[in-house]
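*Asks:* Take a look at this one; I'll ask things after.
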Amino acid sequence: MPEASSFDVIVIGAGPAGYPCAIRAAQNKLKVACIDEWKNRDGSYAYGGTCLNAGCIPSKALLESSELYHRAHAEFAAHGISATGLAFDVATMQKRKTGIVKASTQGITGLFKAAGVTALQGHGKLLAGNRVEYTKPDGTTQELVAKHVVLASGSQPMPLKSVPFDGERVVDSWGALEFDAVPKRLGVIGAGVIGLELGSVWRRLGAEVVVLEAMEQFLWMADQAVAKEALKHFKKQGLDVRLGAKVGGAEAGKDGVTLKYTDAKGEQSVTVDKVVVAIGRRPYTGNLLGDGTGVQVDERGFVQVDEHCRTGAGNVWAIGDLVRGPMLAHKGKEEGVMVADLIAGLHGEVNYNVVPSVIYTAPEIAWVGQTEEQVKTSGRDYKVGTFPFMASGRARAMEAPAGFCKVIAAKDDDEILGVHIIGPMAGELIAEAVLAMEYSASTEDLQRTMHAHPTLSEALHEAALGADKRAIDFPNK
Numbered sequence: 004m005p006e007a008s009s010f011d012v013i014v015i016g017a018g019p020a021g022y023p024c025a026i027r028a029a030q031n032k033l034k035v036a037c038i039d040e041w042k043n044r045d046g047s048y049a050y051g052g053t054c055l056n057a058g059c060i061p062s063k064a065l066l067e068s069s070e071l072y073h074r075a076h077a078e079f080a081a082h083g084i085s086a087t088g089l090a091f092d093v094a095t096m097q098k099r100k101t102g103i104v105k106a107s108t109q110g111i112t113g114l115f116k117a118a119g120v121t122a123l124q125g126h127g128k129l130l131a132g133n134r135v136e137y138t139k140p141d142g143t144t145q146e147l148v149a150k151h152v153v154l155a156s157g158s159q160p161m162p163l164k165s166v167p168f169d170g171e172r173v174v175d176s177w178g179a180l181e182f183d184a185v186p187k188r189l190g191v192i193g194a195g196v197i198g199l200e201l202g203s204v205w206r207r208l209g210a211e212v213v214v215l216e217a218m219e220q221f222l223w224m225a226d227q228a229v230a231k232e233a234l235k236h237f238k239k240q241g242l243d244v245r246l247g248a249k250v251g252g253a254e255a256g257k258d259g260v261t262l263k264y265t266d267a268k269g270e271q272s273v274t275v276d277k278v279v280v281a282i283g284r285r286p287y288t289g290n291l292l293g294d295g296t297g298v299q300v301d302e303r304g305f306v307q308v309d310e311h312c313r314t315g316a317g318n319v320w321a322i323g324d325l326v327r328g329p330m331l332a333h334k335g336k337e338e339g340v341m342v343a344d345l346i347a348g349l350h351g352e353v354n355y356n357v358v359p360s361v362i363y364t365a366p367e368i369a370w371v372g373q374t375e376e377q378v379k380t381s382g383r384d385y386k387v388g389t390f391p392f393m394a395s396g397r398a399r400a401m402e403a404p405a406g407f408c409k410v411i412a413a414k415d416d417d418e419i420l421g422v423h424i425i426g427p428m429a430g431e432l433i434a435e436a437v438l439a440m441e442y443s444a445s446t447e448d449l450q451r452t453m454h455a456h457p458t459l460s461e462a463l464h465e466a467a468l469g470a471d472k473r474a475i476d477f478p479n480k
């Protein structure tokens with residue numbers, strides 16, 4: 004229970020956008036409360052939102068465990084390591100995952116305490132006049148008042164009307180992270196980031212995985228050279244990706260769940276034991292806004308904001324998955340920090356042109372900036388440099404030679420317009436490109452920057468050199 008009902012800032016939501024906002028606001032010497040209602044399936048409350056409890060963190064834990072098993076099974080022999088009697092235990096994997104999640108969420112509680120944030124578990128609802136109705140876990144309510152209110156309630160899985168969730172055989176992304184056994188046949192609806200990551204986890208552990216994607220184009224949001232390379236590797240790993248597959252219904256029976264879909268060949272069906280619906284996410288605004296708040300919500304459920312995340316209501320802000328832009332934890336975090344600084348009268352800005360994206364499959368996929376297709380459509384003259392990881396000594400030593408780095412730059416002033424990576428540790432390598440683009444770097448800037456040898460980062464260096472046909476470790480074309 005808060006010591007007083009009046010605050011400088013109240014943040015509704017303690018996910019990856021909300022909790023950094025609350026902490027930064029407190030660092031700026033403001034009196035801050037953060038309300039969050041996330042409840043785990045065992046009934047316990049936890050901070051961190053979807054990301055820490057049922058998304059980013061638990062999925063990476065299972066991806067790591069399953070990849071280690073896969074590598075032991077498929078790659079160790081190349082290193083001269085014999086792994087006989089190899090086995091895995093899903094219960095142990097899940098226990099490890101749960102421990103990682105718990106440590107992460109408890110860490111936020113500690114961060115709140117250290118920063119002086121009043122942490123409130125329960126539901127927050129914005130009322131007119133910058134008042135917030137706080138509903139406690141026991142159902143009682145209390146009215147709080149703030150000079151500024153920040154909405155950060157996040158998002159939720161988008162349902163598919165033709166294949167409704169039942170929590171057992173048809174599940175969302177959270178449910179797919181809670182399987183207590185490997186399904187023999189797994190159907191994934193949606194070949195986006197979430198669908199590919201979850202499909203990869205259970206495929207590595209032995210499931211037969213069919214991925215049904217309604218769009219004809221694979222990974223439409225990525226550079227298509229990267230998408231083509233990724234699809235090749237996913238199919239090689241045994242992911243049965245079917246494009247242009249529009250799911251129209253599901254029928255549960257003794258043999259499993261039969262998914263009915265249409266594609267270019269007509270009506271089709273596939274029977275699986277479990278179904279993961281991963282067609283995207285939508286803003287979560289359940290009982291978030293009272294009457295007369297002045298906050299506008301568009302037809303897709305997004306709270307309307309300006310470039311600094313101000314809503315149409317005075318001193319009411321909205322950040323993260325609740326607003327326009329990619330639904331990415333790091334984008335939400337930077338918005339939270341920006342808003343907290345702006346509230347305190349400091350400078351704050353988010354460069355939406357330089358937001359990195361990562362898909363944590365194997366090989367990993369990461370990009371920032373424009374794709375080649377986007378640059379081509381813009382009409383700007385450009386140049387491209389690529390470097391394959393098969394030419395990287397470090398990648399070969401890691402037994403991870405798949406993929407490449409690709410740098411796209413303008414011909415007129417050499418500014419880097421986009422960087423696209425598929426290969427080992429792509430999610431880490433992309434950070435250099437993000438920093439470069441934040442400072443409007445040119446390919447020459449990267450070319451003249453010394454990279455340690457042997458490292459994976461040399462691939463980005465060589466790709467930058469390749470844009471001017473000056474690569475050293477791979478033939479220039």
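First residue of the sequence shown? That's 4 in the working numbering, and the numbers climb one at a time after it. Ideal Cβ placement from N, Cα and C applies to all residues, glycine included. These numbers come from a predicted model, not from an experiment.
List the whole-angstrom C-beta distance separating V214 from V244, where the pair is believed to meet the contact cut-off of C-beta under 8 Å.
*Replies:* Translated into the one-based positions of the sequence shown, residue 214 becomes position 211. Translated into the one-based positions of the sequence shown, residue 244 becomes position 241. With 8 Å as the limit, V214 and V244 qualify as a contact, their Cβ atoms being about 5 Å apart.
*Asks:* Rank G295, H311 and L291 by C-alpha distance to the C-alpha of G304 and give the top, closest one.
*Replies:* Along the sequence shown, read from residue 1 onward, the residue named residue 304 stands at position 301. When only C-alpha atoms are compared, the closest one is L291.
*Asks:* Any idea what DSSP makes of M4, helix, strand or coil?
*Replies:* Here residue 4 corresponds to residue number 1 of the sequence shown, with the count starting at 1. Summary for M4: the model assigns pLDDT 47, below 50, so the residue's position carries little reliability; its value from the coordinates is reported in the next sentence. Coil.
*Asks:* Using the rule of at least 16 other Cβ atoms within 10 Å of the residue's Cβ for burial, across every protein chain shown, is S443 buried or exposed?
*Replies:* Within the sequence shown, residue 443 is the residue found at index 440, counting from 1. By the 10 Å Cβ count, S443 comes out exposed.
*Asks:* Throw me the rounded Cβ distance for the A347 and L89 pair, which I believe falls under 8 Å.
*Replies:* Within the sequence shown, numbered from 1, the residue matching residue 347 stands at position 344. Within the sequence shown, numbered from 1, the residue matching residue 89 stands at position 86. A347 to L89, Cβ: 55 Å. No contact.
*Asks:* Need the endpoints of the beta strand (DSSP E) that Y385 sits in, please.
*Replies:* On the sequence shown, residue 385 is found 382 positions in, with the first residue counted as 1. Note, Y385: beta strand (DSSP E), Y385 to P391.
*Asks:* Nearest CA to the CA of S8: which residue from C37, F237, G426 and Y22?
*Replies:* Looking up residue 8 in the sequence shown gives position 5. From the listed residues C37, F237, G426 and Y22, the smallest Cα separation to S8 is found for C37.
*Asks:* To the nearest angstrom, how far is the alpha carbon of R415 from that of T374?
*Replies:* Counting from 1 along the sequence shown, the entry for residue 415 is found at position 412. Counting from 1 along the sequence shown, the entry for residue 374 is found at position 371. In the sequence as displayed, the identity of residue 415 is Asp instead of Arg. Cα to Cα, the separation comes out at about 18 Å.
*Asks:* Quick one: residues in its chain with C-beta nearer than 8 Å to the C-beta of Y287, no 5 flanking neighbours on either side, listed in chain order?
*Replies:* For the purposes of this step, residue 287 is identified with residue 284 of the sequence shown, where counting begins at 1. Contacts found: S156, G157, S158, Q159, D324 and L325.
*Asks:* Among residues of its own chain, excluding the 5 on either side of S107, which ones have a beta-carbon nearer than 8 Å to its beta-carbon?
*Replies:* Counted from its first residue, the sequence shown places residue 107 at position 104. Counting only Cβ-Cβ distances below 8 Å, and skipping sequence neighbours, we find G51, L55 and I60.
*Asks:* So what does DSSP say about A394, is it helix, strand or coil?
*Replies:* As a working mapping, residue 394 is identified with position 391 in the sequence shown. A394: helix per DSSP, three-state reduction.
*Asks:* Round the Cβ separation of A225 and I368 to the nearest angstrom and send it over; I've been treating them as touching at under 8 Å.
*Replies:* The residue given as residue 225 occupies position 222 in the sequence shown. The residue given as residue 368 occupies position 365 in the sequence shown. Rounded, the Cβ-Cβ distance is 7 Å, consistent with contact.
*Asks:* If we ignore side chains and look at the alpha-carbon of each, how far apart do D448 and H151 end up?
*Replies:* The residue you call residue 448 lines up with position 445 of the sequence shown. The residue you call residue 151 lines up with position 148 of the sequence shown. Going from the Cα of D448 to the Cα of H151 covers about 42 Å.
*Asks:* For M4, count neighbouring C-beta atoms within 10 Å of its own C-beta (all shown protein chains included) and say buried if the count is 16 or more, exposed if not.
*Replies:* For this step, residue 4 is matched to residue 1 along the sequence shown. Residue placement at M4 cannot be trusted, given a pLDDT of 47 that sits under 50; what the coordinates show is reported in the next sentence. Label assigned to M4: exposed.
*Asks:* Report the residue from F390, V308 and G430 whose alpha carbon sits nearest the alpha carbon of N479.
*Replies:* By 1-based counting over the sequence shown, the position of residue 479 is 476. Taking only the C-alpha atoms, the option nearest N479 is F390.
*Asks:* Which stretch, first to last residue, makes up the alpha helix (DSSP H) that contains F237?
*Replies:* To locate residue 237, count along the sequence shown from 1; it is residue 234. F237 -> alpha helix (DSSP H) spans Q227 to K239.
*Asks:* Hey, how far is the Cα of Q124 from the Cα of Y48?
*Replies:* Taking the first residue of the sequence shown as position 1, residue 124 is located at position 121. Taking the first residue of the sequence shown as position 1, residue 48 is located at position 45. Going by the C-alpha atoms only, they are around 7 Å apart.
*Asks:* If contact is defined by three or more beta carbon pairs under 8 Å, each pair taking one atom from either stretch, is the stretch 63-83 in contact with the stretch 129-139?
*Replies:* At 8 Å Cβ cutoff, the stretches do not touch.
*Asks:* Quick one: what's got a C-beta closer than 6 Å to G202's C-beta in the same chain, skipping five residues either side?
*Replies:* Here residue 202 refers to the residue found at position 199 when the sequence shown is read from its first residue. Excluding sequence neighbours, G202 sits near V191, V212, V214 and L242.
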